[in-house]
Structures are given as structure tokens and as C-alpha cells.
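S.K.: Just so we're aligned, residue 165 is where the sequence shown starts under the working numbering, counting upward by one.
Positions of the beta carbon are idealized from the N, C-alpha and C atoms, including for glycine.
Quick one: the structure is below, questions incoming.
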Amino acid sequence: MTVFGRLRSYYQPYLRYLWFSLTTLGLATALGLIYPYVLKLIIDRVVIGHAYGNLFPYLAVIAAAALAKGVCNFAQQYLGQVFGINTAYRLRNDLYRKLNMQSFSYYDHVHTGDLMSRLTADLDAFRQFLAFGLNNFVSFLLLTVFGLGLMFSMNVKLTLAVICLMPVLAYVAVRFDNKLWPAYISVRQKLGRLNTSVQENIMGVRTVKSFAREDHEVRRFGERNDEYFLSNIRTANLWKNYFPYMELIGNLEVAVVLLVGGYFVAARQMPLGDLVAFFSILWYIIQPMSQLGYLLNTWTQSQAAGLRLLEILEAPQAVDSPSEVYEGELQGHVVFRNVNLVHEGNPVLRSIDFEVLPGRTVALLGLTGAGKSSIVNLIPRFYDATSGQVLVDGVDVREWDLQALRRQVAVVFQESFLFSTTIFANIAYGHPDASMEDVQRAAELAHAAEFIDQLPQGYETLVGERGLGLSGGQKQRIALARAILADPRILILDDATSAVDMETEFEIGQALQDVMRGRATFVIAHRISSLKRADQILVIDEGRIVQRGTHDQLLREDGLYRVIFDMQFRDHDSFADGMAASAAELDPAGT
């Protein structure tokens, strides 16, 4: 019950539906037991007693009980469904909200396919138990209790003879459940891995095909499918070993009733009608008893599924909200004070100190993995610093209201993500009330309007999944237009023009001069040509700031900046010298 206790807050508001459902279920169970009792009367009074005039009243009682039972069954099933659906609705909303509120670090360790499996298959398994399994389990208990009570009222000795096999049934059921629980945990995990494999393969289908790795991916999927298959087979083997025992116990119960009850009737210690009714009640009990394995199945699956849902709901949030939050209009004054960041035990940033005033541009340059993106990710709190402070307008980012902070910070990532909707909706994502004129102006500043206007449907063109159908440079320009339209006070360009040519990058840089005015701008780029106009350049190496200054200042120093500059322009100079030499050979006179 630990899993259901931890999820209690989700179904507690709807418990009234469950109580009404169980009430009607109890009535239906009681009405069902009228049949054996009336059958006893028909045998004893009509068949044996020859009171044929009572037959129609007894049949009328059976018909009325059947009608009432039908109404009760409809009510209990409908109310059970309402109970399960409402609980699943709340769970689904909270699961999705929790996933949206998690920080970047959470997604460093989870797989999309596994999350999808939890939000669909696991959630539905939990809902199914609340809607059907719980009622079926209670129905089994009620039938057993009411049936045994009626059987005791008819013949105590025969009832005790039947009960003697109940402990065997309980032992088999408990042992089966103990084995079934880990088996279904394994099945759920393997299904998550299988979904992850499918999701990764579909998202990376172009990479797969470009390297002709279709056969490899098919084999990899086959291996995970085999794991899922074998998990299901192991679970099926448990069922295979369980059902014969249940069938044997049920048949032994029938044999005991026929043997002992037949002796009592022959010895005139029990009326024939009681034996027929007793036998009928026993079948009422044996039917749900034979389904006990199914009930345990739904119970165990719901626990395994609920546990996987709890892993999402109870996952700690790496970025916590403070008790008192600061909200206000950002000016864009950013200060890093002795900031250190450790991720999974590895130091990422060490003693980062710098200041950016509103309206100023700071550029970050360094080799791959130096920590450039990690620095800017601390400003909108995608991650939190391990020690030190990141201040925005003199307030620690941990004290800012997270939504208020992020609404005023726009980030354009190197990997531009576009939603499967229109270009207009993608650009207006951060400013949904924007007009067409606003969107067009942002697109012009990002140099996206030139290719958007050439599309048959212009801004109403539907973008394929994740922007498929557009080039990398086109996606980056749409993402840049989205950031410009959001009108942020802090603009972060994380290698945002890496996929465009140098001429377009220069034109975008020129256009962004107006956009950057009055707001703090952080630029990460690998091309020094993209950083030359920055007010300050920070050179990052192994998580430290090893140089800082303007382009001209850094060129005069012997350091990493000069090394990177020489590497980038060496080929350009060699190419220029080669062209000059070729020209001299063709025209020695220099004419």
C-alpha cells in the first residue's frame, strides 16, 4: 500500500465516486446471491413439494433481482470509471507540470522514450486498476464473505469442509504475488528502454541513413525487443505455473461439496434444495477465485506503474524556488562573484568573476568544453552555481521569481528547436500576442524574412517536426527572430549563427546592433570575427577566465586568444599568399 499511500492526494478528492461505486457493488453482490436462495426454494417447494403455483412468483423475484443487479452493475462500473479517469487526469497534469519544471540537469540522465512510456502505458495501468481492478478485488471479497455467510446458514459442516482448502489458496496467491511484483517491474523497465530505442532511431533517422547503419539499428532494436519479449515470457511462465494450482483447488472444492453434500442428502441430514443452492453459491465464489490471478495481475501492475510515476513526481528539483521571491523589470546588470560549478563530481567552472552593465556586450571564447555555455546557463538558472553568486540587478538569481527572470532573458541555442507548427507561431512563441508586423520586423532583423517570403505560404508555412525541411541556418535565424521578438533585457546568443555563412553572419551582426542597444548581451562563438565588436571578451579555458579585454588588447597579448586567432586566420593568410603567387606567375610584369 506504500505506492497508493504516496499517491493518495491524487485520488482522495474523488473518493466519493469510489464509495458510491462500492456501495452499488455491494448491492449487486447481495442481489446476485438471491438466485441460489430462490433456487433452493424452487427445488424444495415447487419440485419436491409440488407447490407449482409458487413458481411464477419465484421467477418474478429472480427477474426483479436481475433487473436491479443490472442497474447496480452499470452504476458501479460507471462510477469506477469516473474515479479512475479523474485521478489519471490530475496525475497526467502534475506529471507534465513536473517535467516542465525540472532543470536541465534532470534531462541529462533520463530518456525521452522512457518518459513517454511512463506518461502513457504506466499511467493507463494505474488508471485501469482504479477503474476496474479495485472494484473486481472488492467484488471477490464481498462474494466470498456473503457467500460463506449464506453457506454457513445452510450447513456449517459442509462449509467448514470447503473452507479447509482456503489457506492453500491464500498461500499460492501470496507466493505468486511475491514473484509477480519484480517480474512486472522488469517488464515496465524493458518497455521504457524499447520506447527509448524507437524514439532515438526516429529522431536520428537522417544520421542512421547517412552512415548506412539501418541494419545496426534494426539489430539494436531487436536486442531490446528480445529483452522485452523475454521479460513477458518469464511473466507468462509464472502464470503458467499458477493457473493449474488454482484450477486444482477449484475442482477440489467442487469435489468436496459433491462428496460431503451428497452424503448429507443421502443421510437426510440436508435438504436437496440446500445442496443445489450450496453448489450454486460455490460456483459464484469459484468464478472470482479463478480470477484471483487476474486481480493480482492488475494489482501488481498498478503498483509497478505507480512506482515509476512516483519516480517522476518525487524527483528532487535541482532548481528550487525561494520562500520570498523578487519580481520586477530587469535592467540587465549581471555580476558573477567567485562562481564555481561542479557537475556530477567534476569541476566545470572555477572562480568566475566579471560584470556586464546594461547595454554592454560580453563575448566568451574558448576551446570546446571550456565551460562557455555553462557560464551563461547560470543566468536564467538552467543550472545553479555550486558556490558563489550570480547577481542580476544586484539580486541573487536564486531570489528571483523563476518565471519573471526567464521571461526577461532570451537564449538562442546552437541547436535551434522549432515546434511542429507555422513559422509565425514559432517566431511568436515567446510573445503569443504579437502582430504579423512585429513578427515580420523580428524576422527582418534576424535576416529570416528573405527566405520566409519565398515560401509558398510565407509565415503560415507549417514547419516539419523539429524544423525538418529547413536548413540549419534557416532554423537558427527563426530562433534568433523568436528571441528578438521576446524583447528581453538579457540576450544570450550561444553560437547562434554557427550554421550561417560569414556574409550572412556579418549582416545579422550589423542588424543586431540596434537590438542589443540598452540590454546586456552575451555572445558565444567560435569565430573571432563574430566577437570583434564586443565591449569585453572573456577567454575561457578549463572552466577559468584566463584572459579578458577587447579584441585589440587581446591580440597584443601572448595567450590563448592569440593562439585561436592565428589558427583561424593562418589558412586564410596562406590562401591569400597562394593567390598572390599564382597571380604573379600569370602576370610577371604586374600589369
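(1) Run through the DSSP bridge pairs and tell me what residue 685 is partnered with.
(2) Return helix, strand or coil for residue 489, following the three-state DSSP convention.
(3) Among residues of its own chain, excluding the 5 on either side of residue 648, which ones have a beta-carbon nearer than 7 Å to its beta-carbon?
(4) Could you pull the DSSP bridge partners for residue 463 from this structure?
(5) What does the alpha-carbon distance come out to for the pair residue 350 and residue 396?
(6) Using a Cβ-Cβ cut-off of 7 Å (strictly less than) and excluding sequence neighbours within five positions of residue 659, which residues of its own chain qualify?
(7) Quick check on this structure: which residue in 494, 294, 205 has the alpha carbon closest to the alpha carbon of residue 171?
(8) Enumerated in chain order, which unbroken segments of the alpha helix (DSSP H) with a length of 4 residues or greater are wholly contained in the region 184 to 253?
(9) Are there three or more Cβ pairs, one per stretch, closer than 8 Å when the region 545 to 553 is compared with the region 493 to 512?
(10) Beta carbon of residue 287, beta carbon of residue 419: below 9 Å?
(11) Can you tell me whether residue 240 is buried or exposed? The criterion is at least 16 other CB atoms within 10 Å of its CB, across all chains shown.
(12) Compare the C-alpha of residue 627 against each of 181, 591, 565 and name the closest.
(13) Can you give me the C-alpha to C-alpha distance between residue 343 and residue 447, rounded to a whole angstrom?
(14) For residue 417, which residues of its own chain have a beta-carbon under 7 Å away from its beta-carbon, when the five flanking residues on both sides are left out?
(15) Comparing alpha-carbon positions, which option in 285, 280, 463, 358 lies nearest residue 300?
(16) Do you know whose CA, among 236, 196, 250, 210, lies nearest residue 179's CA?
(17) What three-state label does DSSP hand residue 626 in the structure shown?
(18) So, at 8 Å on beta carbons, what are the nonlocal neighbours of residue 278 in its own chain, with the 5 sequence-adjacent residues on each side left out?
(19) Which residue comes first and which comes last in the alpha helix (DSSP H) that contains residue 713?
(20) Quick check on residue 703: does DSSP put it in helix, strand or coil?
(21) So residue 310 and residue 399 are in contact, right, with Cβ under 8 Å, and what is the actual spacing, rounded?
(22) Using three-state DSSP, classify residue 439 as helix, strand or coil.
(23) Which class does residue 532 belong to by DSSP, given the choice of helix, strand or coil?
(24) Counting only the same chain and skipping the five closest in sequence on each side, list residues whose C-beta sits under 8 Å from that of residue 593.
(25) Report the rounded CA-to-CA distance for residue 201 versus residue 233, giving the unit in angstroms.
(26) Would you please state the rounded distance, in angstroms, between the beta carbons of residue 268 and residue 541? I believe it to be under 8 Å.
(27) Taking residue 566 and residue 556 to be in contact with their CB atoms under 8 Å, please state how far apart those CB atoms are, rounded to whole angstroms.
(28) Report the three-state DSSP secondary structure of residue 333 (helix, strand or coil).
M.R.: For this structure:
(1) 525, 655
(2) Assigned with DSSP and collapsed to three states, residue 489 falls in coil, not helix or strand.
(3) 606, 609, 610, 679
(4) Answer is none; residue 463 lacks a bridge partner.
(5) Whole-angstrom Cα-Cα distance: 9 Å.
(6) 578, 688, 689, 690
(7) 294
(8) Runs of the alpha helix (DSSP H) inside the region 184 to 253: 198 to 205.
(9) yes
(10) no
(11) buried
(12) Taking residue 627 as reference, the option from 181, 591, 565 with the minimal CA-CA separation is 591.
(13) 28 Å
(14) Counting only Cβ-Cβ distances below 7 Å, and skipping sequence neighbours, we find 326, 329, 446, 450.
(15) 463
(16) Comparing Cα-Cα distances from residue 179 to each of 236, 196, 250, 210, the minimum goes to 250.
(17) strand
(18) 356, 357, 359, 360
(19) Not the alpha helix (DSSP H): residue 713 falls in the beta strand (DSSP E), residues 708 to 713.
(20) strand
(21) Rounded, the Cβ-Cβ distance is 33 Å, inconsistent with contact.
(22) helix
(23) coil
(24) 583, 646
(25) 15 Å
(26) 7 Å
(27) Contact doesn't hold; Cβ gap of about 12 Å is too wide.
(28) helix
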